[in-house]
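Asks: Before I ask anything, here is the structure I am working with.
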Ligand code: COA
Ligand code: AMP
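Take a look at the structure:
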């Protein structure tokens, strides 16, 4: 294999089958593939058809069998509970085989769906791997979502079972999970019979005797279950994500391609060795958590670190440095917003000086664009490479990165560097023409996506095609817009749909709009993402009231905030709304959200030629000035 970026990249595009077959040789297969890539039914490409394997076996058992049972698989550090644990590969194998036994006792078999709604505890990793061991498909739901969002996922994947815990722990409050789970089960049309419940000492509850199975009791009596071979193309998990409409999309990840892509990335992108500790400071509810807290480090056989806490306030902005130093972390992966939070609390990086970071080599940032200020601050204070890389739930790993294990390319602030091998990234005009260097357009990937790319959406093949593949035939449309410069550096500048990025969390403004529109006093509403110094973006709502409403605007806004919190969840961070007389629209009735966004961000804007009444823009601007947005 060549060892410079240019040659590796070229090789991956010229001979993708050879390239990925070689990468696949690091994975254990019970049966080899009939062919590396099935391209007979575009855009539904499948990697390694005919092959059989098991993700849990590759992530756990094979390391034990290779004599690495005593190696630490998982380090757990919870600032929220003061707990520290280390779990070896052998211990992880014991827990995972037992948990698979618990699932087996509940008649869970290959292809069944299991919802995991859990905080950042090692049992969540055990639950994911236990499902994978049996070929069951897990769907992890982020703890910051409300019952309605959980219910939507229960219904969409028709889950057989929920695995949950009694609480999550946020710095200022305990998030009681049981009322959320109970309400979601009540709201869902699909019937959930059984819940496996992990009692956390921080919050013990009375279980529902006929429904709930106690995690600890069940584990103690479980008969360990062996892993079962599954097809490489069988789903490993479904992860719901936002965009295009209020209804979340069930991104499907397969077993074979996923392992090949992630395993390759550990060395080639992150430059990690098996003897090292890798820390993704994310949450298992997001794709970063799936890929880089759980699957990639474990499949690769290094040590993963799971952290329950925040970058600031638990107890201070030095906690990341404490964890890096205490566990000799080689690479940290987190969101730029975490660094903005640290920088705000400790602008001179004084707390860094209290810790020995000699093992720490690289900081990786993703989830949103790394703004040059944050990049420079982190580079200067840490004196190490800071690597912005760009990816999505849909791909499961980075599409654009500085591949540190291949060649450390010069960094250009504001760019996640170049296309990762396997991704043929092009910028297209609205008519599908490939644009020249520097020209802004839709960022697309020429099909097929490399291994680990989503093969479909759960039970929604048509939506898969319509949402991602139809606008530019032969390409996957990422939903991001930007340009590629003359050196091949990618610049991701905006979304082309309704997705906003709030503190590294992906949200749909469409979903928030739906909640606002359902309020009894609201005639119509629009939500945009406004720039925020800490969180990158924040949602901002505009509501037009029905005629005759006399309630105070302040009360209505408070109710809107509360509704979004109750229906989508606290993670939406919906705090700001304004009541307006009218929304700006085109003559055909389309709301001019982009223009509203520019006004709110105090950017230059022009009334589009198609606007129905340009005076509405002045009304919007005045309303925004009153609440502290938009320059007068
Ligand atoms: N369960 C329940 N509630 C949660 C939650 C969870 N797992 N995660 C967040 N929330 C809640 C928060 O408590 C907060 O609630 P509040 O309105 O009552 O205060 C709300 O959701 C918004 O949370 P967040 O946007 O995360 O803001 P924050 O002020 O709590 O923290 C940061 C700000 C920057 C410290 C935090 O967002 C962070 O660490 N971000 C990094 C994100 C990340 O790693 N993303 C993964 C991509 S790599
Ligand atoms: P998610 O699916 O939650 O990972 O969110 C994916 C979206 O986050 C992408 O489509 C981008 O809009 C944004 N994103 C992620 N990483 C980056 C990055 N490094 N630079 C710019 N945008 C990013």
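In the working numbering, the protein residues as written are 39 to 670. Cβ coordinates follow ideal geometry from the N, Cα and C atoms, glycine included. Note that this is a predicted model, so its numbers are computed, not measured.
Using three-state DSSP, classify residue 562 as helix, strand or coil.
Replies: strand
Asks: Using DSSP with H/G/I as helix, E/B as strand and the rest coil, what is residue 333?
Replies: Residue state, collapsed to three classes: helix.
Asks: On the premise that residue 290 lies in contact with residue 267, defined as a C-beta separation below 8 Å, what is that separation, rounded to the nearest angstrom?
Replies: That pair is no contact at about 19 Å.
Asks: Considering just the uninterrupted stretch of the beta strand (DSSP E) at residue 317, what are its terminal residues?
Replies: From DSSP, the beta strand (DSSP E) with residue 317 extends over 315-318.
Asks: For residue 666 and residue 235, what's the separation of their Cα atoms in angstroms?
Replies: Roughly 45 Å between the two C-alpha positions.
Asks: Here's the rule: buried if 16 or more other CB atoms are within 10 angstroms of the residue's CB, otherwise exposed. What is residue 120?
Replies: exposed
Asks: Report the rounded CA-to-CA distance for residue 573 versus residue 540, giving the unit in angstroms.
Replies: Just so you know, the alpha carbons of residue 573 and residue 540 end up roughly 5 Å apart.
Asks: Please state if the CB of residue 581 and the CB of residue 554 are separated by a distance shorter than 8 Å.
Replies: Yes, the Cβ-Cβ distance between residue 554 and residue 581 is below 8 Å.
Asks: Per DSSP, what kind of secondary structure is residue 126 in: helix, strand or coil?
Replies: strand
Asks: What is the DSSP secondary structure of residue 241, counted as helix, strand or coil?
Replies: strand
Asks: Can you pull the DSSP bridge partners for residue 205?
Replies: 214
Asks: Within 10 Å of its beta-carbon, does residue 585 have 16 or more other beta-carbons around it, so buried, or fewer, so exposed?
Replies: exposed
Asks: Whose C-beta lies closer than 6 Å to the C-beta of residue 47 among residues of the same chain, with five residues either side of it excluded?
Replies: Cβ within range, chain order: 459.
Asks: Quick check on DSSP: helix, strand or coil for residue 392?
Replies: helix
Asks: Going by C-alpha distance, which of 543, 41, 310, 103 is nearest residue 400?
Replies: Residue 400 has its Cα closest to that of 310, out of 543, 41, 310, 103.
Asks: In the stretch 154-182, which residue ranges form an unbroken beta strand (DSSP E) of at least 3 residues, counting only runs that do not cross its ends?
Replies: 175-178
Asks: Does the contact criterion of 3 or more C-beta pairs under 8 Å hold for the stretch 49-68 versus the stretch 293-312?
Replies: yes
Asks: Taking 7 Å as the line, does the beta carbon of residue 454 fall inside it for any heavy atom of the ligand AMP?
Replies: yes
Asks: Report the option in 619, 647, 627 whose CA atom is closest to the CA atom of residue 656.
Replies: 619
Asks: Please list the terminal residues of the continuous beta strand (DSSP E) segment that includes residue 479.
Replies: The continuous beta strand (DSSP E) containing residue 479 extends over residues 479-484.
Asks: Since residue 378 and residue 571 should fall inside the 8 Å C-beta cutoff, what is the C-beta to C-beta distance between them, to a whole number of angstroms?
Replies: 7 Å
Asks: For the alpha helix (DSSP H) that contains residue 606, what are its first and last residues?
Replies: Premise fails: residue 606 is in no alpha helix (DSSP H) and is neither H nor E.
Asks: Could you give the distance in angstroms between the alpha-carbon of residue 254 and the alpha-carbon of residue 370?
Replies: 32 Å
Asks: Helix or strand or just coil, what does DSSP make of residue 290?
Replies: In the structure shown, residue 290 adopts extended strand secondary structure according to DSSP, grouped into three states.
Asks: Span of the alpha helix (DSSP H) holding residue 655?
Replies: 653-664
Asks: Are there 16 or more other CB atoms within 10 angstroms of the CB of residue 242, so buried, or fewer, so exposed?
Replies: So residue 242 ends up on the exposed side.
Asks: Can you tell me where the beta strand (DSSP E) holding residue 521 begins and where it ends?
Replies: Per DSSP, the unbroken beta strand (DSSP E) holding residue 521 starts and ends at 513-522.
Asks: Which one of 344, 425, 154 has the shortest CA to CA distance from residue 367?
Replies: Ranking 344, 425, 154 by Cα distance to residue 367 puts 344 first.
Asks: What does residue 269 pair with, by DSSP beta-bridge criteria?
Replies: 90
Asks: Could you please give the first and the last residue of the uninterrupted alpha helix (DSSP H) stretch that includes residue 192?
Replies: 185-195
Asks: Can you tell which of 614, 609, 634 has its C-alpha closest to the C-alpha of residue 621?
Replies: 634
Asks: For residue 608 and chain D, any beta-carbon pair shorter than 8 Å?
Replies: Structure shown: chain D not included; a single protein chain is present.
Asks: Taking the Cβ atom as the reference point for each residue, do residue 517 and residue 535 lie within a distance shorter than 8 Å?
Replies: yes
Asks: For residue 652, count neighbouring C-beta atoms within 10 Å of its own C-beta (all shown protein chains included) and say buried if the count is 16 or more, exposed if not.
Replies: Residue 652 comes out exposed.
Asks: In chain order, what residues of the same chain have a beta carbon less than 7 Å from the beta carbon of residue 142, not counting five sequence neighbours either side?
Replies: Correct list, in chain order: 172, 263.
Asks: Which term fits residue 244, buried or exposed, when burial requires 16 or more other beta carbons within 10 angstroms of its beta carbon?
Replies: Flag for residue 244 reads exposed.
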